[in-house]
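Student: Heads up: the sequence shown begins at 52 in the numbering used here, then just goes up one per residue. All C-beta atoms in this analysis are idealised placements derived from N, C-alpha and C, irrespective of residue type, glycine included. Have a look at this one.
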Amino acid sequence: MSVVRSAITGVGSYLPEKIVTNDDLAKFVDTSDEWIVERTGIRQRHQAADDQPTSDLAVEAALKALADAGRSASDVDMIIVATTTPDSTFPATAAIVQAKIGAPVGIVFDVQAVCSGFVYALSVADGFVARGLSKCALVIGAEEMTRLMDWQDRTTCVLFGDGAGAVVVEPREGQGTKADQGLLGFALRADGSKKDLLYVDGGPATTGTVGHLRMLGNQVFRHAVVNIAEAITLACEAAGLEIAEVDWFVPHQANQRIIKGVGDRLGLDEDKVVLTVAQHANTSAASIPLALDAAIRDGRIKRGEVVLLEAMGGGLTWGACAFRL
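And the structure:
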């Protein structure tokens, strides 16, 4: 029986020109390259220019994804931007992107699930595309996490960077099996009782300020490994896949030790794991599409292969997605 699947048909990414190394941070924060690399695997991060809002990063990634899919802005009927650093309180950054790329009137909105935002946004797009409500959706993860840093807090300011990644999602016919091209299975979760483990201490309805990122790193690490492993298992079950059938694992690039912990827990082959955390640091909702694009561009991930995505972020939110490219 023929079914309609939502498939990723194009991928693109963008990183700001400015690179901040660990040694650069050590000039004004009590830290060192050795300390950061040992605990996180991070060696550098990109930082947006002062006059470069999140929407600018999103636009660059979106245009590359559209070109990769052989589409133009005129084809786009839906834009979802996953971000925790919007240009402004409103309108949605997606609306700003729509205007900047010249897309026609359509469905546009933002998704706020912090680092899990891209997986959440991808599942939302699936709900529209697979049901015929969108023919060409842009799903973008775009973040300027350096705007939220307290540069005196060495436990957090060394972890984050800026960037954007995007995918084009379009309908494709399949047979309703795991052999289909497209999004095959999701698992999304949240536990608001853990919100104080990772949060920003500001907002329009509380302090009236943007605020700074705060984190209880050890507790986040402990929850991350268990929660992400559970979500991956559930996403694979929903897709009808065994872990051994996954060709590539593209995790949220938060911390190399978390990624290794999840891989060890699930018995994932290290050679199948895509790692960009050393070059990008934690770019929140942008990290998965940035890593996905990097691995497709360098030829590792190929059409027809099964890819597994996962993330966990503030909320706490977490989730996973399995798809065939």
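1. So, at 7 Å on beta carbons, what are the nonlocal neighbours of residue 61 in its own chain, with the 5 sequence-adjacent residues on each side left out?
2. Are the beta-carbon atoms of residue 127 and residue 154 separated by less than 9 Å?
3. Could you check whether residue 263 and residue 251 sit closer than 9 Å to each other, using their CB atoms as the reference points?
4. How would you call residue 202, buried or exposed, if buried means at least 16 neighbouring beta carbons within 10 angstroms?
5. What does the alpha-carbon distance come out to for the pair residue 163 and residue 134?
6. Identify whether residue 62 lies in helix, strand or coil by the three-state DSSP scheme.
7. Please state whether DSSP places residue 333 in a helix, a strand or coil.
8. What are the residues that DSSP puts in a beta bridge with residue 57?
9. Would you check if the distance between the CB atom of residue 335 and the CB atom of residue 194 is smaller than 9 Å?
10. Once DSSP output is grouped into helix, strand and coil, what is the label at residue 364?
11. From residue 240 to residue 257, what does the alpha carbon distance come to, in whole angstroms?
12. Using DSSP bridges, identify the partner residues of residue 250.
13. Buried or exposed for residue 85, please, with buried defined as at least 16 other CB atoms from any protein chain shown within 10 angstroms of its CB.
14. Taking Cβ positions, are residue 215 and residue 190 nearer each other than 9 Å?
15. Just to confirm, are residue 370 and residue 305 a CB contact at a threshold of 9 Å?
16. Helix, strand or coil: how does DSSP classify residue 101 here?
17. Compare the Cα-Cα distances from residue 186 to each of 124, 139, 295, 72 and report the closest residue.
18. Tell me the DSSP secondary structure of residue 228 in three-state form.
Tutor: Checking against the coordinates, here is how it stands:
1. Counting from one through the sequence shown, the residue named residue 61 turns up at place 10. Contacts found: 116, 117, 119, 120, 122, 218, 219.
2. Residue 127 sits at position 76 when you count from the first residue of the sequence shown. Residue 154 sits at position 103 when you count from the first residue of the sequence shown. Yes, the Cβ-Cβ distance between residue 127 and residue 154 is below 9 Å.
3. Here residue 251 refers to the residue found at position 200 when the sequence shown is read from its first residue. Here residue 263 refers to the residue found at position 212 when the sequence shown is read from its first residue. Yes, they are a contact pair.
4. Position 151 of the sequence shown, counting from 1, holds the residue named residue 202. Classification for residue 202: exposed.
5. Start at 1 with the first residue of the sequence shown, and residue 163 comes out as number 112. Start at 1 with the first residue of the sequence shown, and residue 134 comes out as number 83. Taking the straight line from one Cα to the other gives about 6 Å.
6. Numbered from its first residue, the sequence shown carries residue 62 at position 11. In the three-state scheme derived from DSSP, where H, G and I count as helix and E and B as strand, residue 62 is classed as strand.
7. Taking the sequence shown and counting its residues from 1, one reaches residue 333 at position 282. It is a strand residue.
8. As a working mapping, residue 57 is identified with position 6 in the sequence shown. Paired residue(s): 222.
9. As a first step, residue 335 is located in the sequence shown; it is residue number 284 there, counting from the start. As a first step, residue 194 is located in the sequence shown; it is residue number 143 there, counting from the start. Taking 9 Å as the Cβ cut-off, residue 335 and residue 194 qualify as a contacting pair.
10. Taking the first residue of the sequence shown as position 1, residue 364 is located at position 313. Strand, per DSSP.
11. The residue given as residue 240 occupies position 189 in the sequence shown. The residue given as residue 257 occupies position 206 in the sequence shown. Rounded to the nearest whole angstrom, the C-alpha separation of residue 240 and residue 257 is 26 Å.
12. In the sequence shown, residue 250 corresponds to position 199, counting from 1. In the DSSP assignment, the residues bridged to residue 250 are 265.
13. Stepping through the sequence shown from its first residue, residue 85 is reached at position 34. Residue 85 comes out exposed.
14. Within the sequence shown, residue 215 is the residue found at index 164, counting from 1. Within the sequence shown, residue 190 is the residue found at index 139, counting from 1. In this structure, residue 190 does not lie closer than 9 Å to residue 215 by Cβ.
15. Mapped onto the sequence shown, residue 370 falls at position 319. Mapped onto the sequence shown, residue 305 falls at position 254. No.
16. In the sequence shown, the residue the question calls residue 101 occupies position 50. DSSP places residue 101 outside both helix and strand once states are collapsed to three, so it counts as coil.
17. On the sequence shown, position 135 is the one that residue 186 refers to. It is 124 whose Cα lies nearest to the Cα of residue 186.
18. The count along the sequence shown starts at 1 and reaches residue 228 at position 177. Note: residue 228 maps to coil in three-state DSSP.
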